[in-house]
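Quick note on numbering: the sequence shown equals residues 19 to 631 in our numbering. Each residue gets a CB set at the ideal place from its N, CA and C atoms; glycine is no exception. Computed from a prediction, not measured in an experiment: that's the story for all the values here. Scroll down for the structure; my scribbles are underneath it.
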Amino acid sequence: MISDIELSHVEDAMLEFDSTGRIEVLKKYKFKPATGYLARHKGKFYDPKAIVGIGHLHATGEPLNSQQFVTDVARRRLKALDVQVLEFNGLWWVNQGETFAQQSTGGYLWASKVAGNGRTPRHWSDVSRMQPGQTIIHYARGAIVAIGTVAGKPGVAPNPGHSDSEPGYVCPVDYRVLDDPIPRSQIPSELDSANPFDINGKVKQAYLIRIDDNDVPPFLEFLDKCIPTLFNSRPTHPSRYSVPTISGPDTLSDPILETLLTFKNVILEGVPGTGKTYALNKIAQNWLDRTGRELQQFNGQDFATIVMHPSSSYEDFVEGLRPSRGGRSPDFFDEESGQTSGFAISDGFFVDVCKKAVASPNKDVLVLVDELNRCNIPSVFGDLMLTIEASKRATYIGDSSSRAVRASMWDASTTAQLPYSGRTFFVPDNVYVVATTNTTDRSVAPLDAALRRRFAFLRLEPQMTELLVPESTSSEIRDVFQRGTATISRVNDLALRTLLGPDAILGHSYFHAIAAELGSDSLADPLAMIVRHWRFTILPQLIDSVRAFNAEEILDPRTRSVWFAHHPELAGPEQTSAIEALQQFDLHLEEDLQMKIAVEGTGLARGARVIDA
């Protein structure tokens with residue numbers, strides 16, 4: 019019983035944390051990092067539920083796992099043993115520099131939504147993932163200058179210090195400015211491996227950085243020594259900032275997000291490089307603003323991901339018999355896999371996801387099923403076809419304040435019995451599934467009709483017009499880049515789509531990669547970099563796309579007329595436009611990039627390759 023646990027037993031558990039490491043101990047005893055509280059004892063910090071569960075081992079010979087008792091029980095026992103339990107919900111590091119004075123006075127953090135290359139860096143979008151009550155270490159001018167507390171939910175708004183700016187990520191923060199800043203030189207070397215610092219121990223050039231779970235206790239122990247009133251003092255600059263409610267193109271008018279909210283199951287289809295996975299990141303970034311609900315986290319990400327392939331099975335996705343390994347499971351592939359001690363029924367990816375959704379009815383769960391059409395869909399999904407449909411989902415009927423939510427608190431209109439374990443299964447209505455399919459892949463069968471009835475379909479098209487290059491790029495390189503995107507855009511629209519259909523076109527992500535590299539300070543030869551991308555990624559993908567339609571000849575001016583002669587049904591204005599677009603493509607390759615495509619061989623041995631012009 020919990021009452022059998024004495025202070026000496028808890029201290030024995032703490033010693034195991036100190037000697038082995040937080041994450042290793044949590045894995046060993048099947049606990050997760052604490053999300054609401056930390057225990058403080060003799061200047062060190064521990065997970066309260068875990069030290070009670072492990073303390074039970076030292077008291078009775080048997081540990082308790084996280085399913086056998088709730089956090090409130092652990093808190094009460096620790097309080098009875100005079101172990102302090104503090105509210106704590108996560109730790110961030112923010113590099114503010116010259117923005118510190120303005121942001122601390124205003125009581126907020128703010129980061130732009132889009133960088134010069136058109137992408138959103140994770141260390142900016144993480145502002146939208148901050149949660150009320152979390153602690154922030156504010157670093158500016160070479161020192162820790164303040165400790166902050168997230169004072170409210172983040173949102174999207176113009177920079178409060180520059181109201182004419184574009185909307186960005188903003189979060190209200192209570193600041194406690196330190197009378198005596200803590201310089202970098204005073205931060206102990208034991209923390210140099212923490213993620214705010216690079217391999218040389220210098221502070222990373224990033225705005226907002228989440229402190230890893232394993233580094234939280236030593237960081238707090240250091241701060242606790244430097245700031246004796248760390249957990250019981252008032253802010254010097256309490257936040258008076260409130261996030262305004264705005265309607266913008268990134269929130270209310272995102273067709274993918276709106277379709278997903280309506281149907282709960284969406285398939286994003288298109289050719290490679292049209293940003294199908296990027297679209298899901300954008301959905302995750304805008305989710306809180308659009309729905310007012312947080313997303314369940316999966317290993318630090320806003321969504322759970324599985325990549326399908328021809329060997330994917332029902333056992334991988336739902337449940338099945340898998341080898342049971344004795345001892346500790348290795349973390350990485352270069353460690354020994356351990357001995358197999360038989361077989362056991364194990365949950366698959368989707369059952370694991372639904373269990374998290376059941377336990378968190380106040381959060382939404384976003385799922386990415388990548389390359390869906392690579393697997394045998396009827397075999398992998400099985401009886402999930404019935405339960406995944408939006409109208410068949412289960413709804414939560416339990417108390418909204420319940421701390422331990424179970425499946426019995428959900429009302430399911432349609433259930434399935436899992437074949438291996440015999441358990442009753444349903445899909446909660448807070449699960450949203452986004453699947454992606456590559457429409458150019460001719461090695462797979464068409465999507466199953468039963469699946470099509472249960473998913474909404476959105477086709478993503480190339481968006482060449484949205485590509486941006488850094489302002490520092492020279493006009494000569496900018497012209498080469500823009501001629502390339504314009505050339506491919508014309509080839510897509512006037513030649514490939516017209517002659518071969520929508521699955522032959524080329525996506526835009528290849529050019530995003532070029533734009534991103536153009537923004538690198540270490541780039542010595544921008545033109546050579548552009549040539550490399552064309553030669554080794556863009557043109558091979560283009561050749562592969564047209565090869566699926568036996569049309570490599572249209573890429574070589576020497577064989578183009580022969581191909582058109584064999585397709586008289588294409589004669590007319592459309593053929594003329596296609597030939598002109600392809601001729602502009604030839605010109606760009608030869609004059610700007612000094613290369614061309616050559617078609618060689620005969621019959622089945624015929625093929626295309628890139629050669630020097």
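Item to complete: Take S122 and list the residues in its own chain whose beta-carbon comes closer than 7 Å to its own, dropping the five residues that flank it on each side.
Response: If we look at S122 and ignore the five residues flanking it on each side, its Cβ neighbours are A164, Y193, V195, H255.
>> Is the separation between the beta-carbon of I572 and that of A534 shorter than 8 Å?
In response: Result no, Cβ atoms of I572 and A534 do not sit closer than 8 Å.
For this session: State the start and end residues of the unbroken alpha helix (DSSP H) segment that holds Q593.
Result: Its alpha helix (DSSP H) spans residues 591–605.
Exercise for the section: Determine contact between the segment 548–562 and the segment 586–597, defined as no fewer than three beta-carbon pairs at a distance below 8 Å. Expected result: Two segments are said to touch when three or more pairs of C-beta atoms, one from each, lie closer than 8 Å; by this definition the segment 548–562 does not touch the segment 586–597.
- Query: Between the C-alpha atoms of T78 and H27, what's the straight-line distance to the nearest angstrom?
  - Reply: For T78 and H27, the distance between alpha carbons rounds to 10 Å.
Let me check one thing: in DSSP terms, what residues is D429 bridge-paired to?
D429 is bridged to T413.
Buried or exposed: where does Q204 fall if 16 or more other Cβ atoms within 10 Å of its Cβ makes it buried?
That one is exposed.
Inside the segment 139–220 only - alpha helix (DSSP H) runs reaching at least 4 residues
As for any alpha helix (DSSP H) of minimum length 4 sitting wholly inside the segment 139–220, the runs are 140–143, ordered along the chain.
Check whether Y64 and T89 have beta carbons under 8 Å apart: In this structure, the beta-carbon distance from Y64 to T89 does not fall below 8 Å.
* What whole-angstrom Cβ distance do D401 and A434 have, given they're in contact under 8 Å? -> The Cβ separation is near 4 Å, so the contact holds.
- Query: Is Q435 helix, strand or coil by DSSP?
  - Reply: In this structure, Q435 counts as strand in the three-state DSSP scheme.
> Cβ atoms of G125 and S257: under 8 Å apart, would you say?
Replying inline: In contact: S257 and G125 (Cβ atoms closer than 8 Å).
Task: alpha helix (DSSP H) segment containing V234, residue limits - done: Element bounds for V234: 234–244.
So, helix, strand or coil for Q85, using DSSP?
Coil, per DSSP.
The alpha helix (DSSP H) that contains I305, what's its start and end? Ile is not the amino acid found at residue 305; the sequence shown has Trp there. 294–309 is the extent of the alpha helix (DSSP H) around W305.
- Item | Euclidean distance between Cα positions of A546 and D388 | Spanning the two alpha carbons is a distance of roughly 33 Å.
- C-alpha distance - K374 paired with N391, whole-angstrom precision: About 26 Å.
(Q) Check for me: the alpha helix (DSSP H) holding I69 runs from which residue to which? (A) Run containing I69: 66–78, per the alpha helix (DSSP H) assignment.
- If you draw a straight line from the C-alpha of L518 to the C-alpha of V289, how long is it? Taking the CA atoms as reference points, L518 sits about 13 Å from V289.
Identify every run of the beta strand (DSSP E) within the segment 444–496, keeping only runs that are complete inside it and at least 3 residues long; order them along the chain.
Taking only runs of at least 3 residues, the beta strand (DSSP E) segments lying wholly in the segment 444–496 are 449–456, 474–477.
| F361 - partner residues in DSSP beta bridges | When beta bridges are read from the DSSP output, F361 appears opposite P341.
*Answer with buried or exposed for A522, where buried requires no fewer than 16 other C-beta atoms within 10 angstroms of its C-beta.*
With 16 or more Cβ atoms within 10 Å of its Cβ, A522 is classed as buried.
Counting pairs of Cβ atoms below 8 Å between the segment 361–369 and the segment 295–303, do you hit three or more? The segment 361–369, when compared against the segment 295–303, does not touch it at the 8 Å Cβ threshold.
Counted within 10 angstroms of its Cβ, other Cβ atoms place Q114 as buried (16 or more) or exposed: The residue is buried, with at least 16 neighbouring Cβ atoms inside 10 Å.
**Simplified DSSP state of I285, which is helix, strand or coil** = DSSP places I285 in strand when its eight states are reduced to three.
Since D574 and A616 should fall inside the 8 Å C-beta cutoff, what is the C-beta to C-beta distance between them, to a whole number of angstroms? Contact flag correct, Cβ pair sits at about 6 Å.
Going along the chain, which residues of its own chain have a beta-carbon closer than 8 Å to the beta-carbon of S37, five neighbours each way excluded? Nothing listed; no residue qualifies.
Among F106, Q223, L109, S527, nearest to G293 - alpha-carbon criterion = Per the Cα distances, S527.
Name the residue from L104, N448, E34, E333 whose alpha carbon lies nearest to the alpha carbon of L313. The closest CA to that of L313, considering only L104, N448, E34, E333, is found on N448.
Same chain only: Cβ atoms within 6 Å of F35, ignoring 5 sequence neighbours per side:
Excluding sequence neighbours, F35 sits near V43, Y64.
For P437, does the count of other Cβ atoms within 10 angstroms reach 16, so buried, or fall short, so exposed? Counting Cβ neighbours within 10 Å, P437 comes out exposed, since fewer than 16 surround it.
Nearest-angstrom beta carbon gap, C393 and H327 [assumed within contact, 8 Å]:
Going by Cβ atoms, the distance from H327 to C393 rounds to 6 Å, so yes, they are a contact pair.
Going by C-alpha distance, which of H59, R58, A57, K67 is nearest K50?
Just measuring C-alpha positions, the residue of H59, R58, A57, K67 sitting nearest K50 is K67.
Cβ-based neighbour list, S507, same chain, cut-off 6 Å, excluding 5 preceding and 5 following: The beta carbon of S507 sits closer than 6 Å to those of M482, all from its chain and outside the five residues before and after it, given in chain order.
Exercise for review: Return the first residue and the last residue of the alpha helix (DSSP H) that E407 is part of.
Suggested key: Going by DSSP, E407 is part of no alpha helix (DSSP H) at all; its letter is neither H nor E.
On a CA-only basis, which of A133, E570, V398, V564 is nearest S329? Give me that one, please. Of A133, E570, V398, V564, the residue nearest in Cα terms is V398.
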